[in-house]
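One line per chain: the protein sequences are C and U, in this order. Read in order, the letters of the first sequence are residues 1 to 368 in my numbering. Read in order, the letters of the second sequence are residues 369 to 739 in my numbering. Even for Gly, the Cβ is constructed at its ideal location relative to N, Cα and C. Everything numeric in this text was worked out from a predicted model, so none of it was measured.
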Amino acid sequence: MKRYLIIITILLTYMFYLYGNTRVPIEEVDIIVGFGYDVMDKSNGQIQYSVPFNSYIFKPNEEKLSVTKTGRGKNLTEAEQDRDSKVERKYISGLEMVYVISEKYAKMGIKDLIDERFRNTEANDMAYVVVCKGNSEDIFSFQELGYISTSDYIYGLMKNIDGYNFFSQNYKLIDVFVRMDSKGRQVLLPYIEISKNGLNLTGLALFNKDKMVKKIDIKEARILNLLREDNVKGVLSIRKDNKKYIDFYAKSKNRKVKCYKENGKYKFDINLTLTGEIISNTLYEDILSSKDVKEKFEKDMKQQVENMCNEFINKMQYQYKIDCLELGRYGAAEFGRLKNVDWNEIVSNSEIKVNVKVMVESEGRGDY
Amino acid sequence: MNNREKILKENDYNLTSSQYTAVVFGTMVGVSTISITKGIVRYAHQDLWISTAVGAIFPIYIFILTMVIFKKSPGENILTLNRKYFGKFAGGLLNLILLVYFLITLLIIGNTYIDMITTFSAGFLSPFKVALAVFAVSAYAASNGLRVVAKVSQIALYLTFLLILPSIMALKEAKIINIYPVFESGFSGIVNGGIEAFKQYLGIEIIFIIYPYLKQKDKMAKVTVNAILLTTLVHVWIGFISVYYLGSDVILKSDWSFLLVTESVTISLINNFRYIFILVWSLIILKSISLYYSALLFCLKDFTSNKFQYKILAFVVLPLLVLLCIEFENIFPTEEILNFITISYEIYLIFLGTLMAITVSIKSPKEQRKN
């Protein structure tokens with residue numbers, strides 16, 4: 001008797017708790033894998049928001065497809081409402097892999113969308129955020145061969161971004177949360193575009209607070225990353241001519257930034273240690289056996305990297321006028337966060353010194 | 369003396385020292401632990417983790433008072449002592465304030481839990497359904513005696529560490545630089561933050577009621593201090609890792625900052641750690657509610673005749689609790705009122721404990737001689 005009573009109670013509780021919920025089988029659910037954010041000019045001078053999403057569709061015969069749906073409106077929420085009217089199936093978010101922001105949107109400021117994502121409890125904070133040329137809708141409808149959706153492709157691109165060019169992995173949504181409004185920090189996002197070779201990474205988008213300021217190309221991004229990120233990998237080379245060059249696969253270790261005041265002026269020291277291996281060499285003879293040659297290479301490389309860095313810093317201070325190296329972060333840690341100071345201005349007007357130390361750890365299998 | 373024998377007979381109410389530690393730990397670590405940074409950050413900024421340690425002054429003071437009372441009368445809790453020393457009316461009034469407080473705290477925890485669960489994982493459930501489930505389960509646990517609740521607390525203790533330890537991985541993701549400069553907010557900032565952190569240690573007052581139930585009386589000091597240290601460790605760690613990973617500017621914006629830290633934990637096959645965290649943390653909250661429910665039952669028992677068993681009392685107050693919890697926002701419309709209640713209660717606890725400690729030390733020796 002008691003057993004039946006328990007079973008009946010459990011069943012009634014179950015029914016009570018599920019009453020009023022509508023549930024759909026998983027085959028009838030779309031999974032959103034990428035969100036896009038665009039703005040467009042309208043003929044009457046106003047701007048229009050457009051928010052596409054990229055989603056998986058599961059077919060009964062185990063076929064997977066991806067579609068892109070777009071909504072337009074006067075602001076983000078209105079555009080989302082408009083988009084919802086075009087969606088015929090139930091969808092779930094929370095499994096998105098990428099957020100693609102168009103360059104124009106980023107230049108107008110991403111505060112509204114970051115606020116929306118921060119509030120949303122279903123947002124995936126580990127999804128990558130990228131800036132794209134043109135519209136994100138075009139990016140989503142661009143089909144890369146062998147991938148179900150473009151979002152998968154961009155996700156893969158970002159996941160493997162840190163192999164070369166000194167890129168880090170700090171391009172996730174949580175990194176934007178952490179950087180956007182913090183003292184002395186700046187958002188930095190990868191920039192992708194569709195070229196004739198397909199969809200690829202072409203540089204970095206520099207932000208000042210929530211607004212994108214400038215796009216820099218890969219070559220410049222390499223130096224910026226080297227100066228800004230910890231524990232990154234990339235190739236540095238010295239080139240005499242087309243046939244005579246040396247490539248050095250470097251890992252940056254123990255990056256240290258010092259901030260101090262001298263005569264009321266801020267000064268920054270960036271100390272970099274690059275260790276790694278020589279991956280190709282037609283420039284230096286006997287680098288394997290002779291210690292002098294090795295030391296000469298290390299000295300030359302140090303000189304070259306320091307020159308590159310100083311050139312970039314000059315450009316940053318006089319042209320971009322933003323603290324994209326996050327030096328203000330170290331300044332704030334040294335001199336206090338509670339004061340209201342503009343680190344962009346301070347960094348642009350202060351002396352920045354770069355010290356590089358190069359150490360060759362291995363030379364590969366041999367010197368051919 | 370008669371009273372004491374009766375307590376010892378009730379086997380369901382005797383705790384081993386590890387159970388007692390879990391209970392004391394469990395009273396303080398609960399629903400607000402993952403949002404511990406919320407109030408403190410306004411005063412102490414990046415030094416908030418120091419403030420969380422400063423807040424431990426509150427449980428330590430309560431602990432010292434308890435030890436004074438415990439030394440003089442190890443067998444009777446504060447509810448009995450209140451009536452014994454201050455008479456039926458004044459003592460009853462003091463107990464009534466405690467009862468009302470436990471009721472309000474239950475409502476606050478229940479409401480915060482509903483808020484959390486509907487925000488993060490089960491938005492489709494109405495507050496009524498969540499409140500009913502939560503309070504019914506807790507009532508069942510509490511009605512079965514303190515030992516059952518203590519066992520639940522033991523499991524919850526392990527779960528707490530299971531949930532908090534993965535955040536060590538966040539150490540790799542960020543830099544120590546976020547907590548510098550240390551002591552920037554100054555003495556006043558840190559102390560103000562510490563006073564704000566007292567809130568996080570509320571719950572410790574339950575030891576006023578449960579201290580007679582520890583089996584090995586000689587271990588009382590050690591066991592309680594262990595629990596307080598463990599709690600402080602958890603609070604400081606959560607404060608520290610939040611600042612370390614997020615920086616003080618982001619903490620200011622986030623209500624549940626520790627949940628953001630756990631995002632950095634990526635376990636393969638698990639897409640989103642957040643849901644798992646909330647799900648397991650629910651068990652820890654259920655433990656908190658059961659503990660307060662027990663405390664409420666102790667107070668109620670003090671007012672009713674011996675005829676009523678805990679089992680009956682537990683289910684008598686259940687509908688009232690559920691009803692009040694749904695109407696929570698109408699009863700306490702603003703956060704200011706809640707803050708006022710919390711602060712006045714902190715003051716009341718310190719007052720009550722100090723008063724009792726003084727009374728006990730003055731009066732108790734004479735009475736023993738009489739006997």
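Boundaries of the alpha helix (DSSP H) around Val685 (chain U): Tyr678 to Ile694. Using a Cβ distance threshold of 8 Å, Ser511 (chain U) and Ala682 (chain U) count as a contacting pair. Distance from the CA of Ile563 (chain U) to the CA of Ser556 (chain U), rounded to the nearest whole angstrom, comes to 10 Å. Counting other Cβ atoms within 10 Å of its Cβ, Pro495 (chain U) reaches 16 or more and is therefore classed as buried. Ranked by Cα distance from Lys567 (chain U), the first of U:Thr487, U:Thr630 and U:Thr473 is U:Thr473. Residue burial is scored here from C-beta neighbours: Tyr19 (chain C) has fewer than 16 other C-beta atoms within 10 angstroms and is therefore classed as exposed.
Distance from Ser521 (chain U) to Gly721 (chain U) at the Cβ level is roughly 22 Å; contact not present, criterion being Cβ atoms closer than 8 Å. Looking at C:Ile10, C:Ala332 and C:Asp125, the one whose alpha-carbon comes closest to that of Phe35 (chain C) is C:Asp125.
Around the beta-carbon of Leu327 (chain C), 16 or more other beta-carbon atoms lie within 10 Å, marking it buried. Around the beta carbon of Ser386 (chain U), fewer than 16 other beta carbons lie within 10 angstroms, which makes this residue exposed. Separation of the CB atoms of Ile246 (chain C) and Ile278 (chain C) is rounded to 7 Å, and the pair is thereby assigned contact status at 8 Å. At a cut-off of 8 Å between C-beta atoms, Asn640 (chain U) counts as an interface residue with respect to chain C.
When only Cα atoms are considered, Ala725 (chain U) and Ile657 (chain U) end up about 28 Å apart. In terms of beta-carbon proximity, Leu338 (chain C) lines the interface with chain U, with at least one pair separated by less than 8 Å.
With three or more CB-CB distances shorter than 8 Å, the stretch 598–615 of chain U counts as touching the stretch 534–554 of chain U. By the CB criterion at 8 Å, Phe167 (chain C) and Val232 (chain C) fall inside the cutoff. Counting other Cβ atoms within 10 Å of its Cβ, Asn281 (chain C) reaches 16 or more and is therefore classed as buried.
In chain order, Val178 and Ser182 make up the part of chain C whose C-beta sits under 7 Å from the C-beta of Gly615 (chain U).
Between the stretch 97–114 of chain C and the stretch 209–222 of chain C there are three or more inter-stretch CB-CB distances shorter than 8 Å, so the stretches are counted as touching. In the three-state scheme derived from DSSP, where H, G and I count as helix and E and B as strand, Thr275 (chain C) is classed as strand.
Sequence-distant partners of Leu467 (chain U) (beyond 5 residues in either direction) whose C-beta falls short of 6 Å from its own C-beta, in its chain, are Cys667. Legend: CB atoms of the stretch 114–141 of chain C lying less than 8 Å from CB atoms of chain U belong to residues Phe118, Thr121, Asn124, Asp125 and Met126.
Against chain C, the beta carbon of Thr487 (chain U) has neighbours under 8 Å at Thr121, listed in chain order.
The stretch 216–230 of chain C makes contact with the stretch 307–326 of chain C: 3 or more CB pairs, one atom from each, lie closer than 8 Å. Annotation for Ile148 (chain C): Tyr56, Lys64, Leu65 and Ser66 place their beta carbon closer than 8 Å to its own, counting only its chain and skipping 5 residues before and after. Ala509 (chain U) sits buried, since 16 or more C-beta atoms from the chains shown fall within 10 Å of its C-beta. Counting the other Cβ atoms within 10 Å of the Cβ of Tyr153 (chain C) gives 16 or more, which makes it buried. Partner residues in the beta bridge of Gly203 (chain C), as assigned by DSSP, are C:Tyr191 and C:Asp217.
Apart from sequence neighbours up to five positions away, the residues of its chain that approach Leu692 (chain U) with a beta-carbon distance below 6 Å are Leu475, ordered along the chain. Taking C-beta atoms as the reference points, Val130 (chain C) and Met158 (chain C) count as a pair closer than 8 Å. For a cut-off of 8 Å, the C-beta gap from Tyr411 (chain U) to Asn546 (chain U) is around 18 Å, too long to register as a contact.
Straight across, the Cα-Cα distance linking Lys519 (chain U) with Leu527 (chain U) is about 13 Å. For Leu647 (chain U), the three-state secondary structure derived from DSSP is helix.
Look at the stretch 312–329 of chain C: the residues with a C-beta under 8 Å from a C-beta of chain U are Arg329. At a cut-off of 8 Å between C-beta atoms, Asn21 (chain C) counts as an interface residue with respect to chain U.
Exclusion of the five residues before and after Leu525 (chain U) leaves Ala390 and Phe393 as the residues of its chain whose Cβ lies within less than 6 Å of its Cβ.
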